[in-house]
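Student: In our numbering, the protein residues as written are 25 to 359.
For each residue, glycine too, the CB sits at the ideal point set by N, CA and C.
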Ligand code: AHG
Ligand code: MN
Ligand code: MN
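1) With a threshold of 7 Å on Cβ separation, who are the neighbours of residue 135 within its own chain once the five nearest residues in sequence on each side are excluded?
2) Return the first residue and the last residue of the beta strand (DSSP E) that residue 157 is part of.
3) Who are residue 337's beta bridge partners in DSSP?
4) Give me the residue from 193, 177, 100, 247 with the minimum Cα distance to residue 301.
5) Just list the residues that DSSP pairs residue 209 with in beta bridges.
6) Is the beta carbon of residue 350 sitting closer than 9 Å to the one on residue 288?
7) Per the contact definition of three or more C-beta pairs closer than 8 Å, is the region 161 to 174 in contact with the region 42 to 56?
8) By a C-beta neighbour count over all protein chains shown, 10 Å radius and 16 as the cutoff for buried, is residue 294 buried or exposed?
9) Would you kindly check if the distance between the Cβ of residue 347 and the Cβ of residue 263 is under 9 Å?
10) What did DSSP end up calling residue 127 once you bin it into helix, strand or coil?
11) What residues in its chain sit with their C-beta under 6 Å from that of residue 220, if we drop five residues either side in the sequence?
12) Can you give me the start and stop residues for the alpha helix (DSSP H) that residue 53 sits inside?
13) Can we count residue 268 as close to ligand 1, meaning its CB is less than 8 Å from some heavy atom?
14) For the region 80 to 94 against the region 268 to 282, are there 3 or more C-beta pairs whose distance is under 8 Å?
15) So is residue 236 buried or exposed if we call it buried at 16+ other beta carbons inside 10 Å?
16) For residue 233, which option in 340, 212, 34, 257 has the closest C-alpha, if you only look at C-alpha atoms?
17) Could I get the ranges of all uninterrupted beta strand (DSSP E) runs contained in the region 242 to 324, with 3 residues as the minimum, in chain order?
18) Who are residue 138's beta bridge partners in DSSP?
19) Any Cβ of chain D within less than 9 Å of the Cβ of residue 256?
20) Using DSSP bridges, identify the partner residues of residue 204.
21) Pull up the DSSP beta-bridge partners for residue 230, would you.
22) For residue 314, count the other beta carbons within 10 Å of its own beta carbon; 16 or more makes it buried, fewer makes it exposed. Which is it?
23) In chain order, what residues have a CB nearer than 7 Å to some heavy atom of ligand 3?
24) What residues are listed by DSSP as bridge partners for residue 183?
25) With residue 106 as the anchor, note down where its alpha helix (DSSP H) starts and where it stops.
Here it is, written out as C-alpha cells:
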C-alpha cells in the first residue's frame with residue numbers, strides 16, 4: 025500500500041506557491057497567518073465550557089442575531105491576526121456592519137469571513153467553524169481598499185476555505201488547484217494533510233435542510249424533498265446539524281445535497297433567504313465546485329450571483345453534481 029506523505033499545512037502552502045513562479049508569497053503568508061488564528065479559536069472552542077467564553081455577549085449583530093461571546097472572541101482573533109500583516113487592503117465580516125478598518129491596509133488581497141459559523145450550537149457541544157474567502161483587490165494599490173474590493177462575484181475568488189471545530193479540528197482550503205483537508209494534531213499544534221485532493225461523490229444518499237421550515241418553502245423544493253423520501257429513491261437519509269459548515273463538510277466528504285431555500289414566512293411575495301452570500305454561500309460553493317460538485321442559487325449558478333451589499337443573503341443548494349442537477353430539474357419545473 026502506498027504510504028501518504030506526512031506534510032503540514034505550512035509546507036503544503038509553500039510547495040503550492042512554488043508551482044506558480046510569478047507568486048510573491050503574499051497569499052501564502054496570508055493563509056499561513058489564518059491557520060494560526062484557527063488554532064487559537066480551536067483552542068478556545070475546545071475549552072469553551074470551562075471558561076467564560078461560553079454564553080451570550082448581550083448584543084445583536086447586523087443580522088439581528090444574538091452574538092455569543094465566542095463569536096466575538098473569534099472575530100477579535102482574526103482581526104488582530106490579520107490587521108498588521110500587510111497582505112490585505114480590506115476585511116469584511118458577518119459580524120461587522122461595515123468594512124473593517126486595517127492598521128496596514130495597503131496590501132493586494134481582500135478577506136471576507138464568518139468568524140464563527142453555527143455559533144448557536146456552541147452551548148450544546150456541536151461543531152462550529154470559521155469560513156473565509158480571499159479576493160484580489162480591484163482598487164488602485166497604495167492605499168486602503170474600498171467596498172468595490174469586497175463586493176466581487178464568486179468567479180473572482182482567489183482562495184476559500186474553512187476550519188471546522190468538531191470532534192477534531194480540520195482545515196479545508198482551495199486556491200483553485202484542488203481542495204485539501206488537514207487535521208489538527210493538538211499535541212503538535214500542526215495541521216497535517218489528511219484529505220488530499222478531496223472529490224465529492226457524483227451522487228450521495230443524504231439530504232440536509234431545515235425541514236421545520238417546510239410549510240414556508242416554494243412548491244418545487246417541497247416536491248423535491250418528497251421525491252427524495254420516496255421508497256424508490258432508497259430513500260435518502262436526512263441529516264441536519266444546523267451549522268452550515270458542518271453540514272457542508274459532511275456533504276463534501278460523503279456526498280448528497282445541502283439546501284437552504286427561501287422561506288415565505290414574513291415576506292410572502294419575495295420570500296427571504298438566510299445564508300450570507302459573501303461569508304457563507306460563496307466560499308462554500310467555491311469549495312464544493314472545486315471538489316467536483318455544483319452550487320445553485322435558485323436556478324442560477326451560485327458563483328454567478330453578484331454581491332451588491334455586504335450582508336446580502338441568498339438561497340442555496342449545493343452538493344453532489346447529480347443531486348444538485350435533480351434539484352435544478354424540480355426548480356425549473358421539469359418534474
Ligand atoms: P451563524 O452561526 O454564523 O449565524 O450561521 C448560522 C447559519 C448556518 O450555519 C446554518 O446553516 C443556519 O444558520 C441554520 O439556520 P436554521 O436554524 O434556520 O436552520
Ligand atoms: Mn454563519
Ligand atoms: Mn457566524
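Tutor: Taking the structure as given:
1) Counting from 1 along the chain shown, the entry for residue 135 is found at position 111. Correct list, in chain order: 106, 112, 115, 156, 158.
2) Position 133 of the chain shown, counted from the start, is the residue given in the question as residue 157. Per DSSP, residue 157 belongs to the beta strand (DSSP E) from 152 to 160.
3) Looking up residue 337 in the chain shown gives position 313. 300.
4) Residue 301 sits at position 277 when you count from the first residue of the chain shown. The residue with the shortest Cα to Cα distance from residue 301 is 177.
5) The residue you call residue 209 lines up with position 185 of the chain shown. According to DSSP, which records beta bridges pairwise, residue 209 is partnered with 214.
6) Here residue 350 refers to the residue found at position 326 when the chain shown is read from its first residue. Here residue 288 refers to the residue found at position 264 when the chain shown is read from its first residue. No. Outside cutoff.
7) no
8) As a working note, residue 294 is residue 270 in the chain shown. Classification for residue 294: exposed.
9) For the purposes of this step, residue 263 is taken as the residue at position 239 of the chain shown. For the purposes of this step, residue 347 is taken as the residue at position 323 of the chain shown. Not in contact: residue 263 and residue 347 (Cβ atoms no closer than 9 Å).
10) Taking the chain shown and counting its residues from 1, the one referred to as residue 127 is at position 103. Coil at residue 127, not helix or strand.
11) Translated into positions along the chain shown, residue 220 becomes position 196. Hits under 6 Å: 204.
12) Residue numbering aside, residue 53 sits at position 29 when the chain shown is read from its first letter. Unbroken alpha helix (DSSP H) run through residue 53: 50 to 70.
13) Within the chain shown, residue 268 is the residue found at index 244, counting from 1. Flag set: Cβ of residue 268 near ligand 1.
14) no
15) In the chain shown, residue 236 corresponds to position 212, counting from 1. The residue is exposed, with fewer than 16 neighbouring Cβ atoms inside 10 Å.
16) Here residue 233 is taken as the residue at index 209 of the chain shown, counted from 1. Closest by alpha carbon: 340.
17) 281 to 284, 318 to 321
18) If you number the chain shown from 1, residue 138 lands on position 114. Per DSSP, 155.
19) Absent from the structure: chain D. Only one protein chain is present.
20) Looking up residue 204 in the chain shown gives position 180. DSSP, once it has assigned bridges, lists 197 as partnering residue 204.
21) Translated into the one-based positions of the chain shown, residue 230 becomes position 206. In DSSP, residue 230 forms a bridge with 261.
22) In the chain shown, the residue the question calls residue 314 occupies position 290. Buried.
23) 95, 118, 119, 138, 139, 140, 141, 143
24) In the chain shown, residue 183 corresponds to position 159, counting from 1. Its beta-bridge partners are 158.
25) In the chain shown, the residue the question calls residue 106 occupies position 82. Per DSSP, residue 106 belongs to the alpha helix (DSSP H) from 93 to 106.
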